[in-house]
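In what follows, a single structure is set out as structure tokens and then discussed.
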Ligand code: HEC
Ligand code: HEC
């Protein structure tokens, strides 16, 4: 855990100097030839990914940005995923202190922690939650309402198109295999084998104090080293992670950051503790834009 903390600190230190991770990647990019860009995403900053895994463990993002305007929009989407709460195109759609990469680690290029690699191949997909076939864009917009506790951006809006374009680009060259059973890609977080009813909240509290509070705070409200895990600045109770089984499975592969080493039972106990704490209630109508902005004609006037 100590290494994780140190990596995190150095990451934040570097990010602070460079004004922000999104600016950092764009700054590196603009000075580079296309061939060199492949390396920068997996390796920045300073050769260690924010989650602390070594670049070789990361399946590389596609080698090249597409030509011209399409490439610019891929880069824009990544910048939004990295800094959703502060990016001018997305911040008004965010209702907590998280970014997409708070959970989709390393801008979704982490191979296991809610990986966004290969995800676009699974869409359109059947969504049991919505009882509809949904597109990748719909799925992105749903994460804004739940995990980001925000207001759904309009379909076809610049932010929606950019994020969806970035996630699609991460699946470049892969075969489409639309998922008829769930809105989940082939690398989705593996469910744990441990019975979720066996979670022990009191044990979870002790483990949280020992392994998590250093970055997320005793009060769960977050610190400079990690975002809020409960309370109004975290995900709401309609988000995937508000389910103990989902959170436990994600913790197992993602936390403590840089040193994901919990046993299944520990992950489950901590998940039950974290999700026993208060968080915003999900009431659908509070997360939809005004009716006339629910859909948009995606064309230049
Ligand atoms: C609080 C954590 C959290 C945040 C923040 C979050 N997500 Fe998610 N997201 C999840 C989880 C958990 C899943 C389910 C993934 C799984 O089971 O592997 C998911 C699923 C997805 C999927 C579908 C993945 C698949 O396998 O089909 C997409 C696309 C997605 N999120 C996009 C986003 C975007 C874009 C943002 C930011 C606007 C975002 N998410 C913010 C937790 C989060
Ligand atoms: C070294 C600091 C650190 C430690 C220790 C740590 N985390 Fe995190 N955690 C983070 C950071 C940073 C993020 C956001 C990822 C990013 O931005 O790259 C995060 C994200 C999360 C998230 C998803 C976003 C949110 O805030 O809801 C959850 C849940 C979480 N951590 C729970 C835990 C739990 C439980 C533990 C203990 C087992 C733990 N973390 C240990 C730093 C840490």
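Numbering (my numbering), first residue to last: 62 to 362. Note that beta-carbon positions come from the ideal geometry of N, C-alpha and C, so glycine has one too.
Does the beta-carbon of residue 160 have 16 or more other beta-carbons within 10 angstroms, so that it is buried, or is it exposed? buried
Under 7 Å: does the beta carbon of residue 289 sit that close to some heavy atom of ligand 3? This structure does not include ligand 3; its bound ligands are ligand 1 and ligand 2.
Buried/exposed call for residue 353, threshold 16 Cβ in 10 Å: exposed
C-alpha distance - residue 169 paired with residue 316, whole-angstrom precision: 15 Å
Does the distance from the C-beta atom of residue 231 to that of residue 181 stay below 8 Å? yes
Output the distance between the C-alpha atoms of residue 107 and residue 139, rounded to the nearest integer angstrom. For residue 107, the predicted structure reports a pLDDT of 32, less than 50, and the residue's modelled location is therefore unreliable. A value from the coordinates is still provided. Answer to the nearest angstrom: the Cα atoms are 19 Å apart.
Check whether the Cβ of residue 337 lies closer than 7 Å to any heavy atom of ligand 1, and answer yes or no. no
Is the CB-CB distance between residue 186 and residue 244 below 8 Å? yes
Name the DSSP beta bridge partners of residue 284, please? 287
Residues near residue 357 by beta carbon distance below 8 Å, same chain, minus five either side: 215, 216, 217 and 218
Verify the contact flag: residue 183, CB atom, against every heavy atom of ligand 1, threshold strictly below 7 Å. yes
From 239, 212, 299 and 179, residue whose alpha carbon lies closest to that of residue 196: 239
Residue 71 in three-state terms, based on DSSP: Low per-residue confidence applies at residue 71: pLDDT is 35, beneath 50, and the placement is therefore not dependable, though the value from the model is reported in the following sentence. The answer is helix: DSSP assigns residue 71 an H, G or I state.
According to the neighbour-count rule (16 or more other Cβ atoms, all chains shown, within 10 Å of its Cβ), is residue 310 buried or exposed? buried
What three-state label does DSSP hand residue 134 in the structure shown? helix
Between residue 300 and the rest of its own chain, which residues show a CB-CB distance below 7 Å, the 5 nearest in sequence each way excluded? 207 and 208
Taking Cβ positions, are residue 123 and residue 283 nearer each other than 8 Å? no
Taking the C-alpha atoms as reference points, what is the distance between residue 200 and residue 178? 15 Å
Could you check if residue 345 is buried or exposed, using at least 16 other CB atoms within 10 Å of its CB as the buried criterion? exposed
If I measure Cβ to Cβ from residue 149 and keep anything under 7 Å in the same chain, skipping five residues before and after, which residues do I get? none
Under the three-state DSSP convention, the category residue 250 falls into: coil
Tell me whether residue 286, by its Cβ, gets closer than 7 Å to a heavy atom of ligand 2. yes
According to the neighbour-count rule (16 or more other Cβ atoms, all chains shown, within 10 Å of its Cβ), is residue 143 buried or exposed? buried
In or out: residue 294 buried (at least 16 other Cβ within 10 Å) or exposed? buried
heavy atom of ligand 2 below 7 Å from residue 166 C-beta: yes
With a threshold of 6 Å on Cβ separation, who are the neighbours of residue 347 within its own chain once the five nearest residues in sequence on each side are excluded? none
Using only alpha-carbon positions, find the residue among 329, 151 and 355 that is nearest to residue 253. 329
Within the present structure, is the beta-carbon of residue 317 separated from the nearest heavy atom of ligand 2 by less than 7 Å? yes
Say yes only if the C-beta of residue 196 is nearer than 7 Å to one or more non-hydrogen atoms of ligand 1, and no if none qualify. no
With DSSP as the reference, please indicate the residues paired to residue 194 in a beta bridge. 187
In this structure, does DSSP put residue 162 in helix, strand or coil? helix
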